[in-house]
Amino acid sequence: MTERVLAETLAEAAAQPAAMAQVLEQRAEAISRAAFGTLAATALAETSSQPLPAPQLPTLWAETLTEPAPPLRATALWVEVLRRDTAAAAMVSTALDAFGETPWPEAPRGVFAFRHDWAEPLVERLHWATGVVRLASGNEARQAQRRVPRRFFTYHMGHGRASDALVAEWLADHLGRLAWWPLPQHAVTLTAAAAAGAQWLPVTAANAAGFVPARGRWRLERDGLHGPAEGQRFALLIAADGWQVLTLAEVEPERLWLTEPLTRPIPAGASVLPLVEGVAVEPAEFTQGVPGIMAGSVTAQVAFEPMPDEGLLDDPWLDGWPVWPDGNWRDDPSVTAQAMVTAQDLSPADPWVRRDDPWPTTSFQRRFLAAGREDIARWRARLYRAQGRLGACWLPDGLAPVLHVTADADIEDGFLRVGAADLAAFWHRPAGALILHPDGSRQPVLTAGCHRDDGGVLVLRCGLEAPVPAGSRLLRLARCRLDHDAVDLHWHTPGLVEIPLTLRRLPEPRGNDRAVYTPS
Numbered sequence: 450m451t452e453r454v455l456a457e458t459l460a461e462a463a464a465q466p467a468a469m470a471q472v473l474e475q476r477a478e479a480i481s482r483a484a485f486g487t488l489a490a491t492a493l494a495e496t497s498s499q500p501l502p503a504p505q506l507p508t509l510w511a512e513t514l515t516e517p518a519p520p521l522r523a524t525a526l527w528v529e530v531l532r533r534d535t536a537a538a539a540m541v542s543t544a545l546d547a548f549g550e551t552p553w554p555e556a557p558r559g560v561f562a563f564r565h566d567w568a569e570p571l572v573e574r575l576h577w578a579t580g581v582v583r584l585a586s587g588n589e590a591r592q593a594q595r596r597v598p599r600r601f602f603t604y605h606m607g608h609g610r611a612s613d614a615l616v617a618e619w620l621a622d623h624l625g626r627l628a629w630w631p632l633p634q635h636a637v638t639l640t641a642a643a644a645a646g647a648q649w650l651p652v653t654a655a656n657a658a659g660f661v662p663a664r665g666r667w668r669l670e671r672d673g674l675h676g677p678a679e680g681q682r683f684a685l686l687i688a689a690d691g692w693q694v695l696t697l698a699e700v701e702p703e704r705l706w707l708t709e710p711l712t713r714p715i716p717a718g719a720s721v722l723p724l725v726e727g728v729a730v731e732p733a734e735f736t737q738g739v740p741g742i743m744a745g746s747v748t749a750q751v752a753f754e755p756m757p758d759e760g761l762l763d764d765p766w767l768d769g770w771p772v773w774p775d776g777n778w779r780d781d782p783s784v785t786a787q788a789m790v791t792a793q794d795l796s797p798a799d800p801w802v803r804r805d806d807p808w809p810t811t812s813f814q815r816r817f818l819a820a821g822r823e824d825i826a827r828w829r830a831r832l833y834r835a836q837g838r839l840g841a842c843w844l845p846d847g848l849a850p851v852l853h854v855t856a857d858a859d860i861e862d863g864f865l866r867v868g869a870a871d872l873a874a875f876w877h878r879p880a881g882a883l884i885l886h887p888d889g890s891r892q893p894v895l896t897a898g899c900h901r902d903d904g905g906v907l908v909l910r911c912g913l914e915a916p917v918p919a920g921s922r923l924l925r926l927a928r929c930r931l932d933h934d935a936v937d938l939h940w941h942t943p944g945l946v947e948i949p950l951t952l953r954r955l956p957e958p959r960g961n962d963r964a965v966y967t968p969s
């Protein structure tokens, strides 16, 4: 192959910059990887699998380069779109201000090495974003604007120790800057002492799902672009005589394997907490009782967590929506039953053509308790499936009285005989119901109306999946959705989470809500 000298080469569709081309201008709009300085004047395309460093071009258009790497020597260099901040491209120090004070991914970060005071719950907030618009037909149009929620943690400080005063000084230095933040709900304890030089730590039952890669952003390294799942896992070890950061190689149920041996002995009883990236977003407020001792809370936005496993959900489905369990009745859940009249039609038509649509604004306040890892993971998957105000569900409303089945019902029967004493006006409208069998099983059904015929008869709008024995109970279900995009998880202990939720009742489906259109 003879050498070519071209005046201009267009490499819009090249995966890597072409070599052996002495060009005056190179357009790299679609180059997916720019290696260390491509010298386009002299290169051998036949044997070069990766372009060599230092491109010497009069103009380099790097607007869409996904992996620019230093040193890029060019007359014009657009630093705003480079995904890696570096000081190796002859940039002045003022250019680094756009990337922060730590230009390299492996630069040291601050560590929030303070214990959370479990006298107050650890608050974890998951914040989605949903657009809700009420249509003229009386229905709702909901649009998801954020699939993965933002994650916030509120730590409570105040152990009555002199070291608590250091929290204010630490925040003064790290407010708004990237740092490492611990996850106290996934903390484990050393069951035995570890000597210096040990490669693993004996700990209590560790949850591998809690020790996730610490970095929550995509990183551009020298060997390419790396996602959050490819990062290292870090942990904070807090002992009585100090703390240190560990790099984990593997997490087993009773062992934590380290990438480097311990530099000093660790006594038994020390705590190991996973670390994730985060930023302190709000100034903290502390109350000082005596000099050197204070109490307060610190809020930080941390990295995203991995998507939960939806295979853990066992909620029954009714009419295309999942049936959520009821809340904790010990806390007396409240119901706000209201309605408002909205003028949906403002056209200059005759008054009898216009319609004022009354629609209910009933809301249900519930407080759910999740105990154990499986139950907590199940509730987390349930919230991720709802995505804030986007998803709908069925919820026991708590307004209608509980009906008791007085006679056995077969699968072919289209009705249930219930007690007439409990048959009230709440059951005369079409709704959903959850049948609780005496053996603990349950099945959801759609109800139509009720009437009195030798007792009470509740007509069904769907078939039964299993026979209903006498003595079963019926709970009325309401179509609901979350009334807020931010969900707070109150961690009282690492194994007990309290989730207060407010759900809003959805309007009854009407018009084309039940019509499914398939394009021809």
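In this text, residue positions in the sequence shown follow my numbering: the first is 450, and each later residue adds one. Even glycine gets a Cβ: it sits at the ideal position worked out from N, Cα and C.
If we call anything under 9 Å between Cβ atoms a contact, is residue i one with residue j?
i	j	result
R827	L762	yes
Q836	A655	no
T708	T696	yes
H576	R596	no
L650	L639	yes
P771	C842	yes
L923	L885	yes
Q750	R925	no
S921	H877	no
R629	R682	Sequence inspection shows Trp at residue 629; the Arg mentioned does not correspond to that position. Result no, Cβ atoms of W629 and R682 do not sit closer than 9 Å.
Assuming residue i contacts residue j (C-beta within less than 8 Å), just tell me the rounded distance between them.
i	j	result
V971	R704	As shown, the chain starts at 450 and ends at 969. That puts residue 971 outside it, with no answer to give.
D846	A897	Actually they are not in contact, since the Cβ atoms of D846 and A897 sit about 17 Å apart, beyond 8 Å.
L724	L685	5 Å
P714	A663	With a Cβ gap of about 25 Å, P714 and A663 do not count as contacting.
Q634	W706	Incorrect: roughly 22 Å between the Cβ atoms, too far for contact.
Please name the residue, chosen from the options, that lies closest to residue i on a Cα-to-Cα basis.
i	options	result
G580	W843, V739, A590, P716	A590
T748	H623, G904, H941	H623
P765	P774, D758, D690	P774
P956	W940, W649, T810, L695	T810
V560	W692, I948, G718, L885	W692
V1005	V597, G920, A614, R829	For the chain, the structure presents residues 450 to 969; residue 1005 sits outside this window and is missing.
R564	S746, L852, L832, H853	S746
G625	G659, D824, A733, E699	A733
D824	R901, E947, V851, R583	E947
E701	P714, V661, I742, L895	V661
A915	D888, H941, P943	D888
S612	R574, D566, P710, G659	D566
R425	P879, D934, F875	Given that the chain is displayed from residue 450 to residue 969, the structure contains no residue 425 and the question cannot be resolved.
Q892	P943, G760, F875, V917	V917
E754	S720, V694, R574	R574
Would you kindly work out how many angstroms separate the C-alpha atoms of residue i and residue j, rounded to a whole number?
i	j	result
L722	P716	16 Å
D534	A641	With a pLDDT of 42 at D534, under the threshold of 50, the modelled position of that residue is not reliable, and the figure given next carries that caveat. Going by the C-alpha atoms only, they are around 43 Å apart.
A735	L620	Here residue 735 turns out to be Phe, not Ala, going by the sequence shown. Approximately 12 Å, taken between the alpha carbons.
G727	A752	6 Å
Q814	R954	11 Å
G881	S890	17 Å
T855	T951	34 Å
A744	Q737	7 Å
E618	P631	18 Å
L509	F817	Since pLDDT at L509 reaches only 47, below the 50 mark, its modelled position is unreliable, and the value read off the structure follows with that caveat. Looking at the two C-alpha atoms, the distance is approximately 57 Å.
I860	A919	14 Å
V936	R831	12 Å
A858	G912	11 Å
E699	R829	25 Å
A657	V851	43 Å
I687	A578	37 Å
V894	A820	29 Å
V730	A562	17 Å
H900	L883	19 Å
A643	I742	32 Å
A870	D903	12 Å
A689	P949	36 Å
V582	G769	21 Å
H941	S720	18 Å
L872	N588	29 Å
L938	P710	36 Å
L584	L945	40 Å
Quick check: is any heavy atom of the ligand GDP less than 8 Å from the C-beta of residue i?
i	result
G776	As presented, the structure is devoid of all ligands, the ligand GDP included, so that no description of it is given.
On the three-pair Cβ rule with 8 Å, is the stretch 859–866 touching the stretch 893–911?
Yes, the stretch 859–866 is in contact with the stretch 893–911.
Under 8 Å: do the stretch 598–618 and the stretch 566–574 share three or more Cβ pairs, one atom per stretch?
With three or more CB-CB distances shorter than 8 Å, the stretch 598–618 counts as touching the stretch 566–574.
Between the stretch 836–846 and the stretch 915–933, can you find at least three pairs of beta-carbon atoms closer than 8 Å?
With the cut-off at 8 Å, the stretch 915–933 and the stretch 836–846 touch.
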